[in-house]
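Everything on this sheet refers to the single structure shown next.
There are 2 protein chains.
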Amino acid sequence: MKEKILAEAERLFWKYGVRTITMDDIARRLAISKKTIYQYFTDKEDIVYQVVSFHIEHEMTECDRLLDGSMNPVEEMMLVSDMMKRNADMINPSLLVDVQRYYPKAWDVFLQYKEGRIINDIKANLQRGVDEGLYRPDIDLETMARLRIELIQIGFDDRIFPNTKDVMATQDHLLHHFIRGILSEQGFTVYNTLKNKEYNLSAYENK
Amino acid sequence: MKEKILAEAERLFWKYGVRTITMDDIARRLAISKKTIYQYFTDKEDIVYQVVSFHIEHEMTECDRLLDGSMNPVEEMMLVSDMMKRNADMINPSLLVDVQRYYPKAWDVFLQYKEGRIINDIKANLQRGVDEGLYRPDIDLETMARLRIELIQIGFDDRIFPNTKDVMATQDHLLHHFIRGILSEQGFTVYNTLKNKEYNLSAYENK
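The listed protein sequences derive, respectively, from chains A and B.
Under the numbering used here, think of the first position of the first sequence as 225, with each following residue one higher.
Under the numbering used here, think of the first position of the second sequence as 225, with each following residue one higher.
If you want it as structure tokens, here you go:
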């Protein structure tokens, strides 16, 4: 039952945003009583917390599966961003911002992952890119890793990009701008090949 | 007297940060009574507000003087950032963040300038760069203009870049990464020439 509640809560949060969904909504959807929910969760904040933890854990596993180490760093950076974009596509854009503003405990889970793992993963990618001559040797790994993750957060924030009609397009602009900013001349060759491939695929899909 | 109070307050805020300086500190420094200060300002927030307004006005004027329209857009972007960096060098790094967190009225002045003028100035620079073939034709002007200004803000934020020893170095990394991200191939030629010139100057200065 706990898993069922979490799955339904996640679906509702993703779709409608975390603030509008009440314990009543979740209970109604599952045709159970609120009392049943309280057997497993102390309050809504607890549900938000567990949904976020579960989601991040899942995304990390998917990420590991995706990256078998055979790709070049440019491709890896684009692929991970693409995966995140596909996942984010199901999410109400205000979710990340709402969790940050109103659910500090759940946000802390994200921050812990960010400090403990995401930053290090990005730094490893950057280091590999520098070693392979695809990224500039003079980039500052720490600054660039933190910038990359910050860009994802601000890209979802409608106070920073208020006139955006398509959040995913903003994320795309920020990703490609970020990658171009770190590429060496050799890296640009690899990047342009990948980007053309991507464009061709999209063109094909639209037919 | 009002100008004298503002000038001293600005000097103290810049040097020690806005939170630590009290009305008593300002009065003591000028060897006047607090009562005299209250003849001109309703409270400390009012002083912060007027200091920020005055400072932005001054920076805008300096900016206009600097840009006579004869430069290419890449040089212009680097020059304006350099001016801001020199100005910021006198500032306690926490100032911008503290004003944002604790002095909403003064922060509003900055936001109004940002929306009304700074964004448009950056967009004009970007448009000119695209027209002259120095920036990529596919950059999104609105997103990139807002990104540039956001980068300056986050570059000062020690929650986002907690391990930074030198805030100005972070600002430099972010600026050059930003510019590289928008350059066309032709733009890179112009940028590299300018950057080498800058390096040579720095090398010369260090001797």
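Just so it is clear, CB atoms sit at the ideal spot from N, CA and C, and this is done for glycine as well.
Given the structure is predicted, the values throughout are model-derived calculations rather than measurements.
One finds Arg404 and Gly405 in chain B with Cβ atoms closer than 7 Å to the Cβ of arginine 404 of chain A, taken in chain order. A straight-line Cα-Cα distance of about 44 Å links threonine 417 of chain B and isoleucine 271 of chain B. For threonine 244 of chain A, none of the residues of chain B pass the 8 Å Cβ criterion, the least Cβ distance being about 27 Å. Taking glutamate 356 of chain B as reference, the option from B:Asn420, B:Gln274, B:Met247 and B:Glu409 with the minimal CA-CA separation is B:Glu409. A direct Cα-to-Cα measurement between isoleucine 261 of chain B and tryptophan 238 of chain B gives close to 19 Å.
When rounded, the separation of the alpha-carbon atoms in methionine 368 of chain B and alanine 348 of chain B is 12 Å.
In the structure shown, the three-state DSSP call for leucine 254 of chain A is helix.
Exposed is the label assigned to leucine 290 of chain B, since fewer than 16 other Cβ atoms lie within 10 Å of its Cβ. Per DSSP, the beta bridge partners of leucine 407 of chain A are A:Tyr359. Against chain A, the beta carbon of threonine 367 of chain B has neighbours under 8 Å at Phe385, Thr388, Thr394, His397 and Leu398, listed in chain order.
Here the alpha carbon of serine 305 of chain B sits roughly 30 Å from the alpha carbon of valine 321 of chain A. Within the same chain, Thr394 come within 6 Å of phenylalanine 385 of chain B by CB-CB distance, once the 5 residues on both sides are set aside.
Straight-line measurement puts the Cα of glutamine 377 of chain A at about 12 Å from the Cα of tryptophan 331 of chain A. Against arginine 370 of chain B, the close residues of chain A are Ile384 and Phe385, in the order they occur along the chain (beta-carbon pairs closer than 7 Å). CA-CA distance, lysine 338 of chain B to phenylalanine 334 of chain A, rounds to 30 Å.
Residues of the region 337-367 of chain A that bring their beta carbon within less than 7 Å of a beta carbon in chain B comprise Asp364, Glu366 and Thr367, in sequence order. Burial of arginine 372 of chain A is indicated by the presence of at least 16 other C-beta atoms within 10 angstroms of its C-beta. Between leucine 236 of chain A and arginine 253 of chain A the beta-carbon gap is near 7 Å, inside 8 Å, which marks them as a contact.
Cβ atoms of glutamate 281 of chain B and methionine 307 of chain B stay farther apart than 8 Å, at about 15 Å. 8 Å or more divides the Cβ of aspartate 248 of chain B from the Cβ of lysine 259 of chain B. An exposed status is given to proline 361 of chain A, since fewer than 16 other beta-carbon atoms sit within 10 Å of its beta-carbon.
Put simply, the backbone Cα of leucine 358 of chain B is about 13 Å away from that of methionine 295 of chain B.
In this structure, the beta-carbon distance from valine 298 of chain B to isoleucine 363 of chain B does not fall below 8 Å. One finds Glu374 in chain A with Cβ atoms closer than 7 Å to the Cβ of isoleucine 378 of chain B, taken in chain order.
For proline 386 of chain B, the three-state secondary structure derived from DSSP is coil.
Comparing C-alpha distances from isoleucine 346 of chain A to each of A:Gln324, A:Leu375, A:Lys329 and A:Ser318 shows the shortest one belongs to A:Leu375. The DSSP-derived three-state label of valine 298 of chain A is helix. Sequence-distant partners of glutamine 351 of chain B (beyond 5 residues in either direction) whose C-beta falls short of 7 Å from its own C-beta, in its chain, are Leu365.
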